[in-house]
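**Student:** Got a structure here, written out as structure tokens. Questions coming.
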Amino acid sequence: MIFRLTEELIFPDPSLAEPDGLLAIGGDLSRERLILAYQNGIFPWFSEGDPICWYSPQERCVIVPEQVKVSKSMRKVLDAGLFSVTMDKAFKEVILNCAKSPRKGQDGTWITTEMQDAYIDLYENGWAHSVEVWHDGILAGGLYGLAINGVFCGESMFSLMSNASKTALIWLCRNPDYRLIDCQLPNDHLLSLGAVMIPQAEYLSILED
């Protein structure tokens, strides 16, 4: 059953989501609703012109920081000091680049102007964070997401140079502030870096712990 949200600030139980993870439609992208969503393992995902769709997959793609896979070639890149990494220094630039980055099998972007404005507001109020990867002072890649109770809920990443987004993710995994990296949905790139699938209930338990 797909639930239709009203102005009331509430979400249905995530366990009631459809097999594809779709839980509810409607509502808004207010700061309060987004924070409540992420605290309950729910995230928005929709295209321009569509109603706001809220998802909570029955299986969650995550990376346990200590288990991130760093290939020999990637170790050489990191050891060479090709990139420098910062956090929360260029959030707007990161989310804009994520929105512009082409995605395999996708036309356009789900990071609409409305979504960008909402997450910039979250950043300005201390909930959303970005990791920036620089090469010779120029932004080469990065990622952004929300920090919820020691879990970094990743939203998107981009790379303008080879290995830039990998550098951002590995840096994030080495940040002691985070005990789990939530990748939401799997892809080959994430799985190659050590991402695994865990049941929704296990993810929610970690999020609440």
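Residue numbers for the sequence shown follow the numbering used here, so the first one is -17 and each next one is one higher. Even for Gly, the Cβ is constructed at its ideal location relative to N, Cα and C.
1. Can the beta-carbon of E0 be found less than 8 Å from the beta-carbon of P181?
2. What is the DSSP secondary structure of I163, counted as helix, strand or coil?
3. With a cut-off of 8 Å, do at least 3 Cβ pairs link the stretch 61 to 72 to the stretch 143 to 153?
4. Buried or exposed, going by whether 16 or more other CB atoms sit within 10 Å of the CB of S12?
5. Go through its chain and collect everything with a Cβ distance to C80's Cβ below 7 Å, but skip five positions before and after it.
6. Below 7 Å CB to CB, which residues in the same chain sit around F28 once its five sequence neighbours on both sides are set aside?
7. Near Q88, what residues of its chain come up, given a Cβ to Cβ distance below 8 Å and the 5 sequence neighbours on each side ignored?
8. Under 8 Å between the Cβ atoms of L121 and L104?
9. Tell me the DSSP secondary structure of I93 in three-state form.
10. Does DSSP classify L121 as helix, strand or coil?
11. Helix, strand or coil, according to DSSP, for A129 in the structure here?
12. If you draw a straight line from the alpha carbon of L142 to that of K74, how long is it in whole angstroms?
13. G176 and D50 - do their beta-carbons sit closer together than 8 Å?
14. I'd like to know whether the C-beta atoms of Y160 and V133 end up nearer to each other than 8 Å.
15. Apply the 10 Å Cβ neighbour rule to A62 and answer buried if 16 or more other Cβ atoms are within range, or exposed otherwise.
16. Taking the Cβ atom as the reference point for each residue, do G136 and I163 lie within a distance shorter than 8 Å?
17. Which same chain residues, not among the five before or five after Q21, have their C-beta less than 7 Å away from its C-beta?
**Tutor:** So, from the data block:
1. Taking the first residue of the sequence shown as position 1, residue 0 is located at position 18. Taking the first residue of the sequence shown as position 1, residue 181 is located at position 199. Going by C-beta atoms, E0 is not nearer than 8 Å to P181.
2. Position 181 of the sequence shown holds residue 163. Strand.
3. yes
4. Along the sequence shown, one-based indexing puts residue 12 at 30. Exposed, since its Cβ has fewer than 16 Cβ neighbours within 10 Å.
5. Taking the first residue of the sequence shown as position 1, residue 80 is located at position 98. Within the same chain, C80 has close Cβ partners I93, Y126, S138, M139, F140.
6. To locate residue 28, count along the sequence shown from 1; it is residue 46. Excluding sequence neighbours, F28 sits near I34, C35, W92.
7. On the sequence shown, position 106 is the one that residue 88 refers to. Confidence at Q88 is low in this model, with a pLDDT of 49, below 50, so the placement of that residue should be treated as unreliable; the coordinate-derived value is given next. Cβ within range, chain order: n/a, list empty.
8. Taking the sequence shown and counting its residues from 1, one reaches residue 121 at position 139. Taking the sequence shown and counting its residues from 1, one reaches residue 104 at position 122. No, they are not a contact pair.
9. For the purposes of this step, residue 93 is identified with residue 111 of the sequence shown, where counting begins at 1. I93: coil per DSSP, three-state reduction.
10. By 1-based counting over the sequence shown, the position of residue 121 is 139. Residue state, collapsed to three classes: strand.
11. Within the sequence shown, residue 129 is the residue found at index 147, counting from 1. Strand at A129.
12. Taking the sequence shown and counting its residues from 1, one reaches residue 142 at position 160. Taking the sequence shown and counting its residues from 1, one reaches residue 74 at position 92. C-alpha separation (whole angstroms): 16 Å.
13. Along the sequence shown, one-based indexing puts residue 50 at 68. Along the sequence shown, one-based indexing puts residue 176 at 194. The question names Asp, yet the displayed sequence has Val at residue 50. Closer than 8 Å, so yes.
14. If you number the sequence shown from 1, residue 160 lands on position 178. If you number the sequence shown from 1, residue 133 lands on position 151. Yes, Cβ-Cβ distance for Y160 and V133 is below 8 Å.
15. Translated into positions along the sequence shown, residue 62 becomes position 80. Answer is exposed; the Cβ neighbour count stays below 16.
16. The residue labelled residue 136 in the question sits at position 154 within the sequence shown. The residue labelled residue 163 in the question sits at position 181 within the sequence shown. Yes, they are a contact pair.
17. Here residue 21 refers to the residue found at position 39 when the sequence shown is read from its first residue. Only I130 meet the Cβ criterion.
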